[in-house]
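Below is one structure, written out as C-alpha coordinates, with a few remarks after it.
Shown next, in the form of C-alpha coordinates:
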(Lines of atoms letter the chains of each structure in order from A and count residues from 1; the text may use other names and numbers.)
(Lines give C-alpha, C1' and ligand atoms only; values in the text may rest on other atoms or scores of the structure.)
Protein backbone atom coordinates (compact mmCIF):
# COMPACT_ATOMS: atom_id res chain seq x y z
CA UNK A 1 0.00 0.00 0.00
CA UNK A 2 1.29 3.48 -0.89
CA UNK A 3 0.61 7.06 0.08
CA UNK A 4 -0.03 8.57 -3.34
CA UNK A 5 0.56 12.11 -2.01
CA UNK A 6 4.15 11.19 -1.15
CA UNK A 7 6.57 13.44 -3.02
CA UNK A 8 8.33 10.37 -4.47
CA UNK A 9 5.21 9.59 -6.50
CA UNK A 10 5.18 13.09 -8.04
CA UNK A 11 1.65 14.26 -7.14
CA UNK A 12 0.31 17.69 -8.10
CA UNK A 13 -1.78 20.11 -6.08
CA UNK A 14 -3.82 23.19 -6.98
CA UNK A 15 -5.87 25.63 -4.92
CA UNK A 16 -8.62 28.01 -6.05
CA UNK A 17 -7.78 30.62 -3.37
CA UNK A 18 -4.58 32.46 -2.37
CA UNK A 19 -2.57 31.20 0.60
CA UNK A 20 -0.56 32.73 3.43
CA UNK A 21 3.15 33.25 2.75
CA UNK A 22 5.21 30.10 3.54
CA UNK A 23 2.00 28.07 3.91
CA UNK A 24 1.33 27.27 0.25
CA UNK A 25 -0.61 24.14 -0.80
CA UNK A 26 2.64 22.66 -2.17
CA UNK A 27 3.65 21.99 1.45
CA UNK A 28 1.09 19.17 1.51
CA UNK A 29 3.01 17.11 -1.06
CA UNK A 30 6.57 17.75 0.14
CA UNK A 31 8.57 15.57 2.53
CA UNK A 32 6.60 14.92 5.72
CA UNK A 33 9.44 16.02 8.00
CA UNK A 34 9.49 19.50 6.48
CA UNK A 35 5.75 19.90 6.09
CA UNK A 36 4.35 23.19 7.40
CA UNK A 37 0.85 22.72 6.06
CA UNK A 38 -1.52 24.94 4.12
CA UNK A 39 -3.22 28.08 5.45
CA UNK A 40 -5.43 30.25 3.27
CA UNK A 41 -4.94 34.02 3.16
CA UNK A 42 -6.40 35.60 6.35
CA UNK A 43 -9.26 37.32 4.48
CA UNK A 44 -10.40 34.10 2.74
CA UNK A 45 -13.58 32.41 3.93
CA UNK A 46 -14.89 28.90 3.13
CA UNK A 47 -15.31 27.13 0.84
CA UNK A 48 -11.75 26.49 -0.32
CA UNK A 49 -10.92 23.68 -2.73
CA UNK A 50 -7.62 21.76 -2.90
CA UNK A 51 -7.19 19.55 -5.99
CA UNK A 52 -4.72 16.64 -6.00
CA UNK A 53 -3.70 14.71 -9.12
CA UNK A 54 -2.13 11.24 -8.90
CA UNK A 55 0.55 9.63 -11.01
CA UNK A 56 -1.92 6.93 -12.10
CA UNK A 57 -5.34 5.53 -11.32
CA UNK A 58 -5.64 4.70 -7.62
CA UNK A 59 -7.76 2.20 -5.71
CA UNK A 60 -8.21 4.34 -2.58
CA UNK A 61 -8.45 2.44 0.71
CA UNK A 62 -8.50 5.40 3.07
CA UNK A 63 -7.75 9.14 3.20
CA UNK A 64 -6.26 10.92 6.24
CA UNK A 65 -6.73 14.69 6.62
CA UNK A 66 -5.25 16.66 9.51
CA UNK A 67 -7.16 19.95 9.46
CA UNK A 68 -5.62 21.64 12.51
CA UNK A 69 -2.67 24.04 12.06
CA UNK A 70 -1.84 25.75 15.35
CA UNK A 71 -4.87 27.77 16.42
CA UNK A 72 -6.45 27.40 12.95
CA UNK A 73 -9.01 24.58 12.82
CA UNK A 74 -11.47 23.25 10.23
CA UNK A 75 -14.51 21.15 11.07
CA UNK A 76 -16.24 20.42 7.76
CA UNK A 77 -14.73 18.66 4.71
CA UNK A 78 -16.17 17.13 1.53
CA UNK A 79 -14.14 15.04 -0.93
CA UNK A 80 -14.79 14.75 -4.66
CA UNK A 81 -13.12 12.16 -6.92
CA UNK A 82 -12.71 11.84 -10.69
CA UNK A 83 -11.38 9.39 -13.26
CA UNK A 84 -10.81 9.44 -17.00
CA UNK A 85 -14.53 9.03 -17.74
CA UNK A 86 -16.34 10.73 -14.84
CA UNK A 87 -15.81 14.35 -13.67
CA UNK A 88 -15.55 15.34 -10.02
CA UNK A 89 -18.29 13.66 -7.98
CA UNK A 90 -18.78 13.74 -4.22
CA UNK A 91 -17.66 10.48 -2.56
CA UNK A 92 -17.73 11.47 1.15
CA UNK A 93 -18.54 14.32 3.52
CA UNK A 94 -18.09 14.88 7.24
CA UNK A 95 -18.64 17.47 9.99
CA UNK A 96 -16.56 16.78 13.09
CA UNK A 97 -14.93 18.29 16.19
CA UNK A 98 -11.71 16.24 16.28
CA UNK A 99 -8.25 17.24 15.03
CA UNK A 100 -8.82 15.59 11.67
CA UNK A 101 -10.86 13.05 9.75
CA UNK A 102 -10.25 9.65 8.12
CA UNK A 103 -12.41 8.56 5.19
CA UNK A 104 -12.23 4.87 4.35
CA UNK A 105 -13.79 2.10 2.26
CA UNK A 106 -16.57 0.47 4.31
CA UNK A 107 -15.95 -2.85 2.53
CA UNK A 108 -12.46 -3.04 4.04
CA UNK A 109 -12.75 -1.16 7.34
CA UNK A 110 -15.24 -0.60 10.16
CA UNK A 111 -15.30 0.74 13.72
CA UNK A 112 -14.22 -2.68 14.98
CA UNK A 113 -11.46 -2.90 12.35
CA UNK A 114 -10.39 0.70 11.57
CA UNK A 115 -7.58 1.75 9.21
CA UNK A 116 -4.00 1.20 10.49
CA UNK A 117 -3.34 4.85 11.39
CA UNK A 118 -6.69 5.58 13.05
CA UNK A 119 -6.68 7.18 16.53
CA UNK A 120 -9.12 8.91 18.85
CA UNK A 121 -7.87 12.28 17.58
CA UNK A 122 -9.48 11.62 14.18
CA UNK A 123 -13.10 11.31 13.19
CA UNK A 124 -13.88 8.11 11.26
CA UNK A 125 -16.15 8.36 8.22
CA UNK A 126 -16.84 6.22 5.14
CA UNK A 127 -17.05 6.60 1.37
CA UNK A 128 -20.51 6.63 -0.17
CA UNK A 129 -21.43 3.12 -1.21
CA UNK A 130 -22.86 4.19 -4.59
CA UNK A 131 -19.56 5.81 -5.73
CA UNK A 132 -17.26 2.76 -5.52
CA UNK A 133 -16.49 3.06 -9.26
CA UNK A 134 -14.78 6.39 -8.52
CA UNK A 135 -12.65 5.64 -5.45
CA UNK A 136 -11.60 2.29 -6.95
CA UNK A 137 -10.08 4.03 -9.99
CA UNK A 138 -9.47 7.68 -9.08
CA UNK A 139 -7.03 9.84 -11.03
CA UNK A 140 -7.48 12.78 -8.68
CA UNK A 141 -9.45 14.10 -5.72
CA UNK A 142 -10.70 17.53 -4.67
CA UNK A 143 -10.88 18.38 -0.96
CA UNK A 144 -13.38 21.16 -0.23
CA UNK A 145 -13.15 22.82 3.18
CA UNK A 146 -16.62 24.25 3.78
CA UNK A 147 -16.58 24.85 7.54
CA UNK A 148 -14.06 26.27 10.05
CA UNK A 149 -13.95 26.99 13.79
CA UNK A 150 -13.70 30.81 13.64
CA UNK A 151 -10.46 30.59 11.67
CA UNK A 152 -9.23 30.57 8.09
CA UNK A 153 -9.33 27.35 6.01
CA UNK A 154 -6.23 25.25 6.61
CA UNK A 155 -4.78 21.75 6.39
CA UNK A 156 -1.75 20.38 8.23
CA UNK A 157 -1.32 17.21 6.15
CA UNK A 158 -3.08 14.98 3.64
CA UNK A 159 -2.51 11.31 2.86
CA UNK A 160 -4.21 9.08 0.30
CA UNK A 161 -3.41 5.42 0.94
CA UNK A 162 -4.19 2.81 -1.67
CA UNK A 163 -2.84 0.64 -4.47
CA UNK A 164 -2.66 1.11 -8.26
CA UNK A 165 -6.03 0.41 -9.83
CA UNK A 166 -6.68 -2.64 -12.00
CA UNK A 167 -6.61 -0.49 -15.12
CA UNK A 168 -2.89 0.29 -14.56
CA UNK A 169 -0.39 -1.69 -16.58
CA UNK A 170 2.36 -3.79 -15.04
CA UNK A 171 4.90 -1.22 -16.25
CA UNK A 172 3.15 1.49 -14.25
CA UNK A 173 3.07 -0.67 -11.14
CA UNK A 174 6.78 -1.48 -11.47
CA UNK A 175 7.57 2.21 -11.92
CA UNK A 176 5.73 3.06 -8.71
CA UNK A 177 7.69 0.41 -6.83
CA UNK A 178 10.98 1.79 -8.13
CA UNK A 179 9.99 5.35 -7.19
CA UNK A 180 9.17 4.32 -3.65
CA UNK A 181 12.28 2.10 -3.50
CA UNK A 182 10.24 -0.46 -1.56
CA UNK A 183 8.05 -3.40 -2.38
CA UNK A 184 4.31 -3.27 -1.87
CA UNK A 185 4.62 -5.87 0.90
CA UNK A 186 7.13 -3.76 2.85
CA UNK A 187 4.85 -0.73 2.68
CA UNK A 188 1.87 -2.78 3.88
CA UNK A 189 3.70 -3.92 7.01
CA UNK A 190 5.26 -0.56 7.84
CA UNK A 191 2.57 2.00 7.00
CA UNK A 192 1.07 1.89 10.49
CA UNK A 193 4.29 1.72 12.52
CA UNK A 194 7.62 2.70 11.01
CA UNK A 195 6.43 5.91 9.36
CA UNK A 196 5.19 7.26 12.67
CA UNK A 197 8.32 6.29 14.65
CA UNK A 198 10.57 7.98 12.11
CA UNK A 199 8.50 11.17 12.09
CA UNK A 200 9.96 14.16 13.89
CA UNK A 201 7.35 15.24 16.43
CA UNK A 202 7.55 18.55 18.27
CA UNK A 203 5.53 19.02 21.51
CA UNK A 204 2.66 21.46 21.06
CA UNK A 205 3.89 23.82 23.79
CA UNK A 206 7.22 24.13 21.94
CA UNK A 207 5.47 25.56 18.86
CA UNK A 208 4.84 29.22 18.13
CA UNK A 209 1.17 30.10 18.81
CA UNK A 210 1.18 32.35 15.73
CA UNK A 211 3.26 30.49 13.12
CA UNK A 212 3.07 26.98 14.66
CA UNK A 213 6.83 26.53 14.14
CA UNK A 214 9.38 25.32 16.68
CA UNK A 215 10.54 28.19 18.90
CA UNK A 216 14.10 28.85 20.03
CA UNK A 217 13.55 32.00 22.14
CA UNK A 218 9.98 31.80 23.54
CA UNK A 219 8.45 35.14 24.53
CA UNK A 220 5.22 35.20 26.57
CA UNK A 221 2.87 38.05 25.63
CA UNK A 222 0.44 39.94 27.90
CA UNK A 223 -2.39 37.91 26.31
CA UNK A 224 -0.81 34.70 27.65
CA UNK A 225 0.20 33.44 24.20
CA UNK A 226 3.82 32.46 23.54
CA UNK A 227 5.64 33.23 20.30
CA UNK A 228 9.24 33.11 19.13
CA UNK A 229 11.46 36.19 19.36
CA UNK A 230 11.88 36.21 15.55
CA UNK A 231 8.09 36.26 15.10
CA UNK A 232 7.76 39.11 17.59
CA UNK A 233 10.52 41.11 15.86
CA UNK A 234 8.81 40.65 12.49
CA UNK A 235 5.46 41.77 13.93
CA UNK A 236 7.00 44.86 15.54
CA UNK A 237 8.77 45.75 12.31
CA UNK A 238 5.48 45.60 10.40
CA UNK A 239 3.73 47.69 13.04
CA UNK A 240 6.45 50.35 12.94
CA UNK A 241 6.25 50.49 9.13
CA UNK A 242 2.64 51.66 9.57
CA UNK A 243 3.69 54.13 12.31
CA UNK A 244 1.83 52.12 14.95
CA UNK A 245 2.94 51.49 18.52
CA UNK A 246 4.16 48.04 19.52
CA UNK A 247 1.23 45.84 20.52
CA UNK A 248 0.16 42.25 21.20
CA UNK A 249 -0.48 40.54 17.82
CA UNK A 250 -3.41 38.57 19.29
CA UNK A 251 -5.32 41.26 21.20
CA UNK A 252 -3.88 44.52 19.83
CA UNK A 253 -3.12 45.69 23.38
CA UNK A 254 -0.33 48.30 23.44
CA UNK A 255 2.86 47.35 25.25
CA UNK A 256 3.69 49.34 28.40
CA UNK A 257 6.33 49.16 31.11
CA UNK A 258 4.33 46.55 33.02
CA UNK A 259 2.54 44.89 30.09
CA UNK A 260 5.22 43.71 27.69
CA UNK A 261 6.68 40.45 26.31
CA UNK A 262 8.89 38.54 28.74
CA UNK A 263 11.25 35.63 28.14
CA UNK A 264 9.77 32.31 29.24
CA UNK A 265 12.91 30.97 30.93
CA UNK A 266 11.45 27.63 32.03
CA UNK A 267 10.09 26.85 28.56
CA UNK A 268 13.36 27.90 26.91
CA UNK A 269 15.29 25.47 29.11
CA UNK A 270 13.03 22.63 28.00
CA UNK A 271 13.34 23.65 24.33
CA UNK A 272 17.14 23.82 24.59
CA UNK A 273 17.21 20.30 26.03
CA UNK A 274 14.87 19.09 23.27
CA UNK A 275 17.10 20.64 20.57
CA UNK A 276 20.20 19.13 22.17
CA UNK A 277 18.65 15.66 22.19
CA UNK A 278 17.56 16.04 18.55
CA UNK A 279 20.61 17.86 17.22
CA UNK A 280 21.21 14.98 14.76
CA UNK A 281 17.85 15.54 13.06
CA UNK A 282 17.99 17.56 9.81
CA UNK A 283 14.88 19.52 10.89
CA UNK A 284 16.97 21.32 13.55
CA UNK A 285 19.92 22.22 11.32
CA UNK A 286 18.42 25.54 10.14
CA UNK A 287 17.16 26.69 13.54
CA UNK A 288 18.86 29.77 15.00
CA UNK A 289 19.92 28.93 18.53
CA UNK A 290 21.14 31.10 21.38
CA UNK A 291 23.01 28.22 22.99
CA UNK A 292 26.24 27.12 21.24
CA UNK A 293 26.79 23.36 21.32
CA UNK A 294 30.05 23.19 19.37
CA UNK A 295 33.40 22.74 21.13
CA UNK A 296 35.15 25.52 19.28
CA UNK A 297 34.49 28.95 17.84
CA UNK A 298 35.74 30.01 14.43
CA UNK A 299 37.32 33.47 14.55
CA UNK A 300 38.51 34.56 11.11
CA UNK A 301 41.10 32.01 9.99
CA UNK A 302 42.15 31.12 13.55
CA UNK A 303 40.26 28.54 15.64
CA UNK A 304 40.07 29.37 19.36
CA UNK A 305 39.34 26.39 21.59
CA UNK A 306 37.02 26.84 24.57
CA UNK A 307 38.36 23.97 26.65
CA UNK A 308 40.04 25.58 29.72
CA UNK A 309 39.67 28.69 31.86
CA UNK A 310 42.95 30.12 30.62
CA UNK A 311 41.67 30.26 27.04
CA UNK A 312 38.50 32.04 28.16
CA UNK A 313 40.51 34.62 30.15
CA UNK A 314 42.62 35.32 27.07
CA UNK A 315 39.50 35.94 24.99
CA UNK A 316 37.99 38.29 27.60
CA UNK A 317 41.26 40.22 27.85
CA UNK A 318 41.42 40.53 24.06
CA UNK A 319 37.84 41.89 23.96
CA UNK A 320 38.51 44.42 26.74
CA UNK A 321 41.57 45.75 24.91
CA UNK A 322 39.49 46.40 21.80
CA UNK A 323 39.16 50.21 21.31
CA UNK A 324 35.46 49.80 20.45
CA UNK A 325 34.73 48.07 23.79
CA UNK A 326 33.38 50.27 26.59
CA UNK A 327 32.74 49.02 30.13
CA UNK A 328 30.26 51.06 32.16
CA UNK A 329 31.39 49.56 35.49
CA UNK A 330 35.12 50.20 35.12
CA UNK A 331 35.06 53.83 36.25
CA UNK A 332 36.52 54.21 39.74
CA UNK A 333 34.08 56.79 41.10
CA UNK A 334 32.10 57.08 44.29
CA UNK A 335 28.85 57.37 42.28
CA UNK A 336 27.53 59.96 44.70
CA UNK A 337 26.29 63.30 43.45
CA UNK A 338 28.93 65.99 44.25
CA UNK A 339 26.23 68.63 44.59
CA UNK A 340 23.40 67.04 46.66
CA UNK A 341 25.08 63.85 47.91
CA UNK A 342 22.28 61.61 46.55
CA UNK A 343 23.27 58.08 45.49
CA UNK A 344 19.87 56.60 44.69
CA UNK A 345 19.20 58.27 41.33
CA UNK A 346 20.87 57.52 38.02
CA UNK A 347 24.35 59.03 37.98
CA UNK A 348 26.12 60.82 35.14
CA UNK A 349 29.90 61.11 34.81
CA UNK A 350 31.40 64.48 33.87
CA UNK A 351 34.72 64.80 31.97
CA UNK A 352 36.38 65.82 35.25
CA UNK A 353 35.46 62.38 36.72
CA UNK A 354 32.89 63.83 39.13
CA UNK A 355 29.40 62.31 39.33
CA UNK A 356 26.17 64.20 39.21
CA UNK A 357 22.56 63.04 39.56
CA UNK A 358 20.00 63.76 36.86
CA UNK A 359 18.28 66.54 38.83
CA UNK A 360 21.51 68.45 39.54
CA UNK A 361 22.77 67.85 36.01
CA UNK A 362 19.74 69.65 34.60
CA UNK A 363 20.47 72.59 36.92
CA UNK A 364 24.07 73.02 35.75
CA UNK A 365 23.35 72.39 32.05
CA UNK A 366 22.85 76.13 31.56
CA UNK A 367 26.34 76.94 32.89
CA UNK A 368 28.00 73.71 31.59
CA UNK A 369 30.46 73.89 34.49
CA UNK A 370 31.15 71.39 37.30
CA UNK A 371 29.91 72.79 40.63
CA UNK A 372 32.84 71.19 42.54
CA UNK A 373 35.95 71.88 40.46
CA UNK A 374 34.57 74.49 38.05
CA UNK A 375 35.82 72.67 34.90
CA UNK A 376 33.74 73.41 31.82
CA UNK A 377 32.26 70.66 29.61
CA UNK A 378 29.90 70.08 26.70
CA UNK A 379 26.78 67.95 26.78
CA UNK A 380 28.21 65.28 24.45
CA UNK A 381 30.98 64.53 26.98
CA UNK A 382 28.55 63.45 29.73
CA UNK A 383 28.29 59.66 30.17
CA UNK A 384 25.78 57.61 32.11
CA UNK A 385 27.27 55.18 34.65
CA UNK A 386 25.75 52.25 36.51
CA UNK A 387 24.78 52.47 40.16
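In this note's numbering, the protein residues as written are 5 to 391. A virtual CB, placed ideally from N, CA and C, is assigned to each residue, including glycine. What you are looking at is a predicted structure, and each value in this text was computed from that prediction instead of being measured.
For residue 127 and residue 148, the rounded distance between their alpha carbons:
17 Å
For residue 204, count neighbouring C-beta atoms within 10 Å of its own C-beta (all shown protein chains included) and say buried if the count is 16 or more, exposed if not.
By the 16-neighbour rule on beta-carbons within 10 angstroms, residue 204 is exposed.
Pop quiz: residue 69 and residue 159 are said to be a contact at Cβ under 8 Å. What is the actual Cβ separation, rounded to whole angstroms?
7 Å
So residue 13 packs on residue 59, CB below 8 Å; how close in whole Å?
The C-beta separation of residue 13 from residue 59 comes to about 5 Å, placing the pair in contact by the 8 Å criterion.
Check whether residue 254 and residue 229 have beta carbons under 8 Å apart
yes
Buried or exposed (CB count within 10 angstroms, at least 16 for buried), residue 164:
buried
Limits of the beta strand (DSSP E) - the one that residue 470 falls within
A query on residue 470 cannot be resolved here, the shown segment of the chain reaching from 5 to 391 and no further.
I need the DSSP call for residue 313, collapsed to helix, strand or coil.
With a pLDDT of 46 at residue 313, under the threshold of 50, the modelled position of that residue is not reliable, and no figure is offered here.
Taking C-beta to C-beta, are residue 62 and residue 169 nearer than 8 Å?
yes
Helix, strand or coil: which one does DSSP assign to residue 386?
coil
For residue 156 and residue 248, I'd like the C-alpha separation in whole angstroms.
25 Å
Counting only the same chain and skipping the five closest in sequence on each side, list residues whose C-beta sits under 6 Å from that of residue 16.
57
Assign residue 274 to one of three DSSP states: helix, strand, or coil.
It is helical.
Taking the runs of the alpha helix (DSSP H) that are 4 residues or longer, which of them lie wholly in the stretch 202-262?
233-245
So for residue 141, helix, strand or coil by DSSP?
coil
Residues bridged to residue 72 (per DSSP)
77
Could you pull the start and end residues of the beta strand (DSSP E) that residue 184 belongs to?
Here residue 184 belongs to no beta strand (DSSP E); instead the alpha helix (DSSP H) covers 174-184.
Would a C-beta distance cut-off of 8 Å place residue 343 and residue 356 closer than the cut-off?
no
Excluding the 5 residues preceding and the 5 following residue 396 in the sequence, name in chain order all residues of the same chain whose CB lies nearer than 6 Å to its CB.
Nothing can be reported for residue 396, as the shown portion of the chain is limited to 5 through 391.
Helix, strand or coil for residue 11 per DSSP?
DSSP places residue 11 in helix when its eight states are reduced to three.
Which first and last residues belong to the alpha helix (DSSP H) in which residue 368 is found?
362-368
I'd like the span of the beta strand (DSSP E) that includes residue 16, first residue to last.
16-19
On the criterion of 16 or more Cβ atoms from any shown chain inside 10 Å, does residue 284 qualify as buried, or is it exposed?
exposed
In the structure shown, what three-state DSSP assignment does residue 266 receive?
strand
Measure the CB-CB distance between residue 377 and residue 358 and report whether it falls below 8 Å.
yes
Same chain only: Cβ atoms within 6 Å of residue 109, ignoring 5 sequence neighbours per side:
65, 131
Mark residue 76 as exposed unless 16 or more other C-beta atoms lie within 10 angstroms of its C-beta, in which case mark it buried.
buried
Bridge partners of residue 373, per DSSP?
380
Excluding the 5 residues flanking residue 31 on each side, which residues of the same chain have their C-beta closer than 7 Å to its C-beta?
39, 40, 41, 42
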